[in-house]
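Student:
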Amino acid sequence: MKTILIVDDEPRTRQGIRKTLEAWFCGRHRIEMASSGVEALAWLQQNEAHLLVTDIRMPEVGGLELVERLSAMTPPPVVIVISGHPEFDYAQKALQLGVVSYLLKPLDKEKLVQAVELALKREEEMSRMVRMEKLFDPKLLGTVQKEKQYSVQVREALRHIDDHLSEQVSMRAVADHLHMNASYFSVLFKEQTGLTFSDYLSRRRVQRAKELLVNTRDSIAEISEQVGYQTAKYFVKVFRSIEGTSPGQYRQNVSNSEKSIQ
1 MKTILIVDDE PRTRQGIRKT LEAWFCGRHR IEMASSGVEA LAWLQQNEAH
51 LLVTDIRMPE VGGLELVERL SAMTPPPVVI VISGHPEFDY AQKALQLGVV
101 SYLLKPLDKE KLVQAVELAL KREEEMSRMV RMEKLFDPKL LGTVQKEKQY
151 SVQVREALRH IDDHLSEQVS MRAVADHLHM NASYFSVLFK EQTGLTFSDY
201 LSRRRVQRAK ELLVNTRDSI AEISEQVGYQ TAKYFVKVFR SIEGTSPGQY
251 RQNVSNSEKS IQ
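Residue numbers (UniProt numbering): 1 to 262.
(1) Quick one: Cα of V116 to Cα of P76, how far?
(2) Rounded to whole angstroms, how far is the Cβ of I17 from the Cβ of L118, which I believe are closer than 8 Å?
(3) For G248 and K210, I'd like the C-alpha separation in whole angstroms.
(4) How about V78 and E32: do their beta carbons lie closer than 8 Å?
(5) Classify T193 as buried or exposed, calling it buried when 16 or more other Cβ atoms lie within 10 Å of its own Cβ.
(6) Roughly how far, in whole angstroms, is the beta-carbon of L66 from the beta-carbon of G37, given that I think they are within contact range, below 8 Å?
(7) Note down the Cα distance separating residue 264 from Q114, rounded to an integer number of angstroms.
(8) Could you give the distance in angstroms between the alpha-carbon of E191 and the alpha-carbon of Q149?
(9) Which runs of the alpha helix (DSSP H) fall wholly inside the segment 4-63 and span at least 4 residues, in chain order?
(10) Just verifying my parser: in three-state terms, what is the DSSP assignment at Y150?
(11) In this structure, does DSSP put K259 in helix, strand or coil?
(12) Please check the pair R203 and K139, which I expect to be a contact at CB under 8 Å, by giving their CB distance rounded to whole angstroms.
(13) State the start and end residues of the unbroken beta strand (DSSP E) segment that holds S83.
In C-alpha cells form, the structure reads like this:
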C-alpha cells in the first residue's frame, strides 16, 4: 500500500482530490491530507509519503519550496503539482525539480487519475533502483562506473562474462574468445578493473544471485545453477565469503528490511 499526501490550502480542492482518488483506488492506497506546506512538512517528519500532490501557491511554504525541501530525502516522494494559473516560470521550475506532472485547476478527474497512476509507476521504478543500488557490490559498481575507460578487449570480456554466467566460464576461454594470450589478458584485466578475473567472476555471479534471491522464489539450488555453480554447497561457500552470510539468510534479511521500509 502506497501513501499519497494531498497538500492544498483550499478545503474544497483538497477534499475533491481525496474523494476522486479514494473512489478510483478503492482502498488500495492510503490517502492523507495537509492544509499547508508547513503542516505537510510536520507530517512528513513522522511519516512517509510515496506521492505528493501539492498546490503550487500556498501561504508560508509554497508547493515548489516544499518540493525543494523534500529533495534531501532518500528517495524523495514523486510529485504532482497543481495550479490555478498556467504560468510558464512555475511549470519550468517544477520540471527542473523533477515533478512528474503539472495539472491546472479546475482539475479534470480523468487526467488527475492518469497522472497519479503514472507517478506511482515512477515511484516504483525509483524504489526498485534504490533497492538494487543497495544490493550492488561496491567493487562491481566501480567497474560499471569506469567501464567506458576500459579497452575494447576488457569491455568485451565483461559482456561475455555476463552473457555466460550460467555456464562454466574460465579466463582461458574468455581470452580465446578475444583471440588474446591468456597471460596478457589476465594482466590487462587486473590492471584496468582492479580485480583478478577469478574475483570479478565470483563477485558477478554472487551479484546475479542476490538479484535472483530478492526478485524470485527460486530455491538456493536453482539459483546456484543459474549463476554457474555445479553444486549448491560450493555456491553457498563463495556467497558467504563475499557477503558474510548465507544466501538463505541474505534473502531473509532483505525481506525483513523491505517490510520495515514499505
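Beta carbons: idealized from backbone N, C-alpha and C, even for Gly.
Tutor: This is what the structure holds:
(1) In a straight line, the C-alpha of V116 is about 16 Å away from that of P76.
(2) In this structure I17 is not in contact with L118, their Cβ atoms being roughly 16 Å apart against a cut-off of 8 Å.
(3) 10 Å
(4) Their beta carbons are not under 8 Å apart, which means V78 does not touch E32 by this criterion.
(5) buried
(6) 4 Å
(7) Residue 264 lies beyond the stretch modelled for the chain, which goes from 1 to 262, so this question has no answer here.
(8) About 12 Å.
(9) 11-25, 37-44
(10) In the structure shown, Y150 sits in coil (DSSP, three-state: anything other than H, G, I, E or B).
(11) For K259, the predicted structure reports a pLDDT of 47, less than 50, and the residue's modelled location is therefore unreliable. The matter cannot be settled from this model.
(12) K139 and R203 do touch by the CB rule: their CB atoms are close to 6 Å apart, below 8 Å.
(13) From DSSP, the beta strand (DSSP E) with S83 extends over 78-83.
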